[in-house]
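Q:
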Amino acid sequence: MLGTSGAPELNDLEEDLMSTTPTKCAHMACNCMAPAGQKYCSTHCQDAKGMTTLSCHCGHQGCDAKA
Ligand SMILES: [Zn+2]
Ligand SMILES: [Zn+2]
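Using our numbering, count along the sequence shown one by one with no gaps and you end on 593.
1. Helix or strand or just coil, what does DSSP make of K592?
2. So for G579, helix, strand or coil by DSSP?
3. State the CB to CB distance for the pair N557 and G588, rounded to an integer number of angstroms; the pair is presumed to be in contact (CB under 8 Å).
4. Compute the Euclidean distance between the alpha carbons of T579 and M559, then round it to the nearest angstrom.
5. Could you name the residues that DSSP lists as bridge partners for K550?
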């Protein structure tokens, strides 16, 4: 029998963190962090989710896509 190459309970821990930790805005061109539990950093990004845009204009500091 070969050793099982599975990571221990770390996976569970990660999942738990995902739900409470702020994540990057789901907008492809946005570099902002979205608040915990939210996919987008702002309504601007949420509004632009359906559009293909190369830059983000959410207005947040530090989010100035240089393409
Ligand atoms: Zn942005
Ligand atoms: Zn955003």
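Beta carbons: idealized from backbone N, C-alpha and C, even for Gly.
A: This is what the structure gives:
1. Legend: pLDDT at K592 = 47, less than 50; position of this residue unreliable, no value from coordinates given.
2. The sequence given here places Thr at residue 579; Gly does not occur at that position. If DSSP states are grouped into helix, strand and coil, T579 belongs with coil.
3. Sure, about 7 Å apart at Cβ, within 8 Å.
4. 18 Å
5. In the DSSP assignment, K550 forms a beta bridge with M559.
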